[in-house]
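Asker:
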Amino acid sequence: MTAVVWFILLALVVVLVRVSGYQSKWKVRQQLLDGACAVVLRSVQLAFAVHHSFQAWVQNSLTQAGLDMQELLQGDDTEAVLAKRQQLSDLLASLPQRPEHLAVILPEVKVRENEAIGNMLAGEVDDVEVLCAWGLLAKISHMSIYTRDDSLSRTFDSIAGRLRNSKMVARAFDGRTPNICLEAKAQVEHICAHSDSSQPDIHICLWSRDHGYPSIAKLAQELAREVQSGALSPTAITEACVANRLQDLRGCKHPELVLLLDDLPCMSEFPPWQLQNSELVQIGSGERSLGDAVFRALVRFAKIEMRWGK
Amino acid sequence: MSVDVHSWYTWAALFVTLTAYIIVAGLRKPISFLPFHTPCNKVLANVSQTTRLVLVRILRQGHIPAHISFIMDGNRRYARTQHLKATSGHISGFHNLTRVLDWCNALGITHVSVFAFAINNFTRSADEVEALMDLATNKLRELATKSELVKKHNVRICVVGNRSMLSEEVQRAAEFAEEETKNNTGLRLNICFPYSATDEISFAVQKVAEDVASGEVRVEDVDERVVADRLRIKSPDPDILVRTSGQVRFSNYMLWQSAKHTHIQFIDVFWPNFSFFHMFCILVSWQLARSQISYRKA
């Protein structure tokens, strides 16, 4: 039986060689070798894909066995939950370093719908609520949430309404209502408990691709106009000049930590100027919830050493 | 489970395992793990070389990136682990760079960018900066004139960065390397030295303003493409960005180009220890992700 199978395979190869026309023996050998290498490559790629899936499965199993971060903020205020929440808050406060500005890259809608990462994320409004709660819990003063397709700006009013009435956010802020500044490209809204408080407890910016490459191109156009009109000399366009013009009017620093919520390690056209000295943490679909992802990113950030070129 | 030492398959399995270990170890580390210079070294080097050729052939059956970019981090920490001076780490890093270029050329990669020296590296000790400048001067000339890679594979060297910050001697060495190889049509090597992405973007913005003032470009036509065409690095956006040493940041390197759809790989190994094994894994990961990247670009 085995001999018959081998004979059929050999006959097939001979027929293929004949059908492909006359070629030199060397060329045929090269083609067979290339074919064998292609088969090996596909096997290696399959092994890699299986390995990545296995790693994600292991990660998922480990997080299931651990503490459910999301429940601490979404669950009822029982004594046990309050105690755990306080423990978590103390743990976050004890981290040797925390970012003042955290940026989170959410995958765009078409990516969420098609890929496994969608399991970790709920709707966009829910995600912003969870991120705001975590920002308050970890005492992060500035948070930027980025989507390439600017889908968050389109739901600005829904997000503001959700944050205004959010129990999760209040729980993260020790049961009080925080002062939140929510900002998109063309809108700013202060969601505050007390209007006399000028400094927000957290400043949330909704970023999109427009905050990056188009902004730099627009700045280049403005500066070119000034040079053309004689108001500015080209030699005055230095790195400091560009940095000053691109700086957020509220004077916030570039994000120290960028959390990429995606299986694919690509930046999705995140504003390039903001990435200068950012630590990048990628969390894939192995995490059970957004809260787990943020917690892991903060713990990883706490361990890094910034050397600033030295 | 007991092992039957008298059976042939036990010995066969041991032999196969040992051979596989030697090949993998030879790929992961240059062939110096044997403590003595024995004739076996040459045989094992040939086996590693053949295995590398086979693996290159396997990789070439799939898509190959056009541009790969490296942040060569970890030279000083490597030197510390070997109880050597920092300069020795940089020299080891240079030797590994020539090996990596060889692999890239064999794979058919047409553009390679390397982050050799950042602008804020000038804040390091004066001795180290001077040693790095001397190394750069010597190695640029060596690469341009004596390097097998440049002569055999027609590599074109481009030194990219704010050269006004370099001494005249280093500037001359950079100009010499570029002049000697300007007609080469092979792999393009962008040596970013001294470089920062924000400096590059500012330079492009300044160039746009100058070109508008001279009438070369109309101010209404200034857009992202016009800015991108005036960046210092004249290569397509990198398909893969690799940073060694386990640090997970860009450190102000190729931000405009890499923040788009570049596949980013942070590898926890010092640059002098970066081996073909790591390169193989990176390329296979990229080949697997390529279809998703193309879908997102659309």
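These protein sequence lines map, in sequence, to chains A and B.
Mind the numbering: the first sequence is residues 14 to 323 in this note's numbering, read in order.
Mind the numbering: the second sequence is residues 1469 to 1766 in this note's numbering, read in order.
For each residue, glycine too, the CB sits at the ideal point set by N, CA and C.
Computed from a predicted structure; not experimentally measured.
In this structure, how does DSSP classify residue 1499/B when only helix, strand and coil are distinguished?
Answerer: Here residue 1499/B refers to the residue found at position 31 when the second sequence is read from its first residue. Legend: pLDDT at residue 1499/B = 49, less than 50; position of this residue unreliable, no value from coordinates given.
Asker: What did DSSP end up calling residue 1471/B once you bin it into helix, strand or coil?
Answerer: Along the second sequence, read from residue 1 onward, the residue named residue 1471/B stands at position 3. Note on residue 1471/B: pLDDT 47, under 50, position unreliable in the model; the coordinate value appears next. Three-state result, residue 1471/B: coil.
Asker: With H, G and I counted as helix, E and B as strand and the rest as coil, what does DSSP make of residue 1729/B?
Answerer: Locating residue 1729/B in the second sequence gives position 261, counting from the first residue. Reduced to three states, the DSSP call for residue 1729/B is coil.
Asker: Can you check whether the C-beta of residue 1729/B is within less than 8 Å of a C-beta belonging to chain A?
Answerer: Numbered from 1 along the second sequence, position 261 holds the residue referred to as residue 1729/B. Yes - at least one Cβ of chain A is within 8 Å of the one on residue 1729/B.
Asker: With distance defined between alpha-carbon atoms, name the residue in 97/A, 220/A, 186/A and 293/A nearest to residue 200/A.
Answerer: Stepping through the first sequence from its first residue, residue 200/A is reached at position 187. It is 220/A whose Cα lies nearest to the Cα of residue 200/A.
Asker: Helix or strand or just coil, what does DSSP make of residue 254/A?
Answerer: Start at 1 with the first residue of the first sequence, and residue 254/A comes out as number 241. Here residue 254/A sits in helix by DSSP.
Asker: On a CA-only basis, which of 58/A, 260/A and 217/A is nearest residue 340/A? Give me that one, please.
Answerer: The first residue shown for chain A is 14 and the last is 323, placing residue 340/A beyond what the model contains.
Asker: Is it true that the CB of residue 1612/B sits closer than 8 Å to the CB of residue 1644/B?
Answerer: The sequence position of residue 1644/B within the second sequence is 176, counting from 1. The sequence position of residue 1612/B within the second sequence is 144, counting from 1. Yes; because the gap between Cβ atoms is below 8 Å, this pair is in contact.
Asker: So within the region 1630 to 1705 of chain B, which uninterrupted beta strand (DSSP E) runs reach at least 3 residues, ignoring any that extend past its ends?
Answerer: 1656 to 1660
Asker: Using the rule of at least 16 other Cβ atoms within 10 Å of the residue's Cβ for burial, across every protein chain shown, is residue 1580/B buried or exposed?
Answerer: Counting from 1 along the second sequence, the entry for residue 1580/B is found at position 112. Answer is buried; the Cβ neighbour count reaches 16.
Asker: Hey, does residue 1718/B have any beta-carbon neighbour from chain A nearer than 8 Å?
Answerer: Taking the second sequence and counting its residues from 1, the one referred to as residue 1718/B is at position 250. Chain A, which has a Cβ nearer than 8 Å to the Cβ of residue 1718/B, makes this yes.
Asker: Excluding sequence positions up to five away, which residues of its chain have a Cβ less than 7 Å from the Cβ of residue 1661/B?
Answerer: Numbered from 1 along the second sequence, position 193 holds the residue referred to as residue 1661/B. Cβ neighbours of residue 1661/B beyond the five flanking positions: 1584, 1585, 1604, 1627 and 1629.
Asker: Identify the continuous beta strand (DSSP E) that holds residue 1546/B and give its terminal residues.
Answerer: Stepping through the second sequence from its first residue, residue 1546/B is reached at position 78. From DSSP, residue 1546/B is part of no beta strand (DSSP E) but of the alpha helix (DSSP H) over 1543 to 1549.
Asker: Label residue 39/A either buried or exposed according to how many other C-beta atoms from any shown protein chain fall within 10 Å of its C-beta, with 16 as the threshold for buried.
Answerer: The residue labelled residue 39/A in the question sits at position 26 within the first sequence. The residue in question, residue 39/A, is exposed, as its Cβ has fewer than 16 Cβ neighbours within 10 Å.
Asker: So, helix, strand or coil for residue 78/A, using DSSP?
Answerer: Taking the first residue of the first sequence as position 1, residue 78/A is located at position 65. For residue 78/A, the predicted model reports a pLDDT of 48, less than 50, meaning its position is unreliable; a value from the coordinates is still stated below. Residue 78/A falls in the helix class under three-state DSSP.
Asker: Does residue 1534/B get closer than 8 Å to chain A when you measure Cβ to Cβ?
Answerer: Position 66 of the second sequence, counting from 1, holds the residue named residue 1534/B. So no, residue 1534/B is outside the interface.
Asker: Taking beta-carbon pairs under 8 Å, can you tell me which members of the region 1517 to 1546 of chain B lie near chain A?
Answerer: 1522, 1525, 1526, 1527, 1528, 1529 and 1530
Asker: Are the CB atoms of residue 1641/B and residue 241/A within a distance shorter than 8 Å?
Answerer: Locating residue 241/A in the first sequence gives position 228, counting from the first residue. Locating residue 1641/B in the second sequence gives position 173, counting from the first residue. Cβ atoms of residue 241/A and residue 1641/B: not closer than 8 Å.
Asker: Return no unless some Cβ of chain A is closer than 8 Å to the Cβ of residue 1643/B.
Answerer: Counting from 1 along the second sequence, the entry for residue 1643/B is found at position 175. Cβ-Cβ to chain A under 8 Å: no for residue 1643/B.
Asker: Strictly below 7 Å CB to CB, what residues from chain B border residue 252/A?
Answerer: Start at 1 with the first residue of the first sequence, and residue 252/A comes out as number 239. Result: 1666, 1667 and 1670.
Asker: Report the neighbours of residue 1680/B on chain A: residues whose CB is nearer than 7 Å to its CB, in chain order.
Answerer: Your numbering for residue 1680/B matches position 212 in the second sequence. The contacting residues are 237, 240 and 241.
Asker: Specify the secondary structure class of residue 196/A as computed by DSSP and reduced to three states.
Answerer: As a working note, residue 196/A is residue 183 in the first sequence. Looking at residue 196/A - three-state DSSP - the assignment turns out to be strand.
Asker: Taking only three categories from DSSP, how would you classify residue 205/A?
Answerer: In the first sequence, counting from the first residue as 1, residue 205/A sits at position 192. Correct three-state label for residue 205/A: coil.
Asker: Name the residue from 267/A, 297/A and 315/A whose alpha carbon lies nearest to the alpha carbon of residue 157/A.
Answerer: Position 144 of the first sequence, counted from the start, is the residue given in the question as residue 157/A. Of the listed residues, the one whose Cα sits closest to residue 157/A is 267/A.
Asker: Answer with buried or exposed for residue 222/A, where buried requires no fewer than 16 other C-beta atoms within 10 angstroms of its C-beta.
Answerer: The residue given as residue 222/A occupies position 209 in the first sequence. Counting Cβ neighbours within 10 Å, residue 222/A comes out buried, since at least 16 surround it.
Asker: What did DSSP end up calling residue 295/A once you bin it into helix, strand or coil?
Answerer: Position 282 of the first sequence, counting from 1, holds the residue named residue 295/A. Three-state result, residue 295/A: strand.
Asker: Which ranges does the beta strand (DSSP E) cover as unbroken runs of at least 3 residues, wholly within the region 1558 to 1618 of chain B, from first to last along the chain?
Answerer: Complete beta strand (DSSP E) runs here, min 3: 1579 to 1583.
Asker: If the cut is a Cβ gap below 8 Å, which residues of chain B does residue 50/A touch?
Answerer: Taking the first residue of the first sequence as 1, we reach residue 50/A at position 37. Within 8 Å Cβ-Cβ: 1522, 1525, 1526, 1528 and 1529.
Asker: Go ahead and pull the three-state DSSP assignment for residue 159/A.
Answerer: Sequence index remark: in the first sequence, residue 159/A carries index 146 (1-based). Looking at residue 159/A - three-state DSSP - the assignment turns out to be strand.
Asker: Quick one: grab the DSSP three-state call for residue 1521/B.
Answerer: In the second sequence, the residue the question calls residue 1521/B occupies position 53. Of the three classes helix, strand and coil, the one that applies to residue 1521/B here is helix, per DSSP.
Asker: Which word fits residue 1514/B, buried or exposed, when buried means at least 16 other C-beta atoms lie within 10 angstroms of its C-beta?
Answerer: For the purposes of this step, residue 1514/B is taken as residue 46 along the second sequence, with counting starting at 1. Exposed.
Asker: Using a Cβ-Cβ cut-off of less than 9 Å, give me the residues of the region 276 to 303 of chain A that come near chain B, in sequence order.
Answerer: Residues passing the 9 Å Cβ filter: 276, 277, 278, 279, 280, 281, 282, 283, 284, 285, 286, 287, 288, 289, 290, 291, 292, 293, 294 and 295.
Asker: Nearest-angstrom Cα distance between residue 259/A and residue 1649/B?
Answerer: Here residue 259/A refers to the residue found at position 246 of the first sequence. Here residue 1649/B refers to the residue found at position 181 of the second sequence. The straight-line gap from Cα to Cα measures roughly 38 Å.
Asker: Just to confirm the assignment, what range does the beta strand (DSSP E) spanning residue 220/A have?
Answerer: Here residue 220/A corresponds to residue number 207 of the first sequence, with the count starting at 1. Membership of residue 220/A in the beta strand (DSSP E) is indicated by the continuous run 215 to 220.
Asker: Taking one C-beta from the region 1518 to 1537 of chain B and one from the region 1567 to 1577 of chain B each time, how about it: are there three or more such pairs within less than 8 Å?
Answerer: yes
Asker: What is the residue span of the alpha helix (DSSP H) that residue 185/A lies within?
Answerer: The count along the first sequence starts at 1 and reaches residue 185/A at position 172. Element bounds for residue 185/A: 180 to 185.
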